[in-house]
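A short worksheet on the structure shown next.
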Amino acid sequence: MNLSSSSLSRRVYLTSILPIGALYFLSLWLSNSTYIYLSVSFIQMLKALMPVAVYSIGILFKKDSYKNNTMLNMVVISIEVAIVAYGEAKYNSWGAFLQLGAVVFEATILVMI
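Residue numbers for the sequence shown follow my numbering, so the first one is 11 and each next one is one higher.
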């Protein structure tokens, strides 16, 4: 096996590898920054929105088709997370924004893979 040559084309690298790496960087950066503003338990509650984000982004990228039953499940998950999050003692809007951004980037990675 020759390690000096690569069969990975520039196009594949720029359209597949680089975007996933950049999204992973952003997801990691935002999710780590969230710990400054929110409690660990609240961050875990917000991560429960991951299925909603993956399904929604999958529909946007045309990797999945819209189904009423599935969307109803996603709405129920979102409402439940909102109910649980409502009583959070250490709530910070900026921290919630950072974590939701991290969830969106992570969901986009999962859809792209």
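Note that the Cβ used here is the ideal one computed from N, Cα and C, for glycine as well.
Review point. Given that a residue counts as buried once 16 or more other Cβ atoms are within 10 Å of its Cβ, and exposed if not, what is Leu70?
Key: Locating residue 70 in the sequence shown gives position 60, counting from the first residue. With fewer than 16 Cβ atoms within 10 Å of its Cβ, Leu70 is classed as exposed.
Exercise for review: Name the two residues that bound the continuous alpha helix (DSSP H) containing Asn42.
Suggested key: Within the sequence shown, residue 42 is the residue found at index 32, counting from 1. Boundaries of the alpha helix (DSSP H) around Asn42: Leu28 to Thr44.
Exercise for review: Say whether the stretch 45-53 touches the stretch 96-113, bearing in mind that this needs 3 or more beta-carbon pairs closer than 8 Å, one atom from each stretch.
Suggested key: Verdict: yes, contact present.
Point to revise | Rounded C-alpha distance that separates Ser17 from Ile27 | key: The residue given as residue 17 occupies position 7 in the sequence shown. The residue given as residue 27 occupies position 17 in the sequence shown. Each residue's Cα considered, the two are about 14 Å apart.
Point to revise | Sequence-distant residues of the same chain with beta carbon closer than 6 Å to Ile89, five excluded per side | key: Within the sequence shown, numbered from 1, the residue matching residue 89 stands at position 79. For Ile89, where only same-chain residues beyond five positions count, there are no Cβ hits under 6 Å.
Check your understanding: Can you tell which of Val91, Asn102 and Tyr47 has its C-alpha closest to the C-alpha of Lys57?
Key -> Working through the sequence shown from its first residue, we reach residue 57 at position 47. The option with the nearest alpha carbon to Lys57 is Val91.
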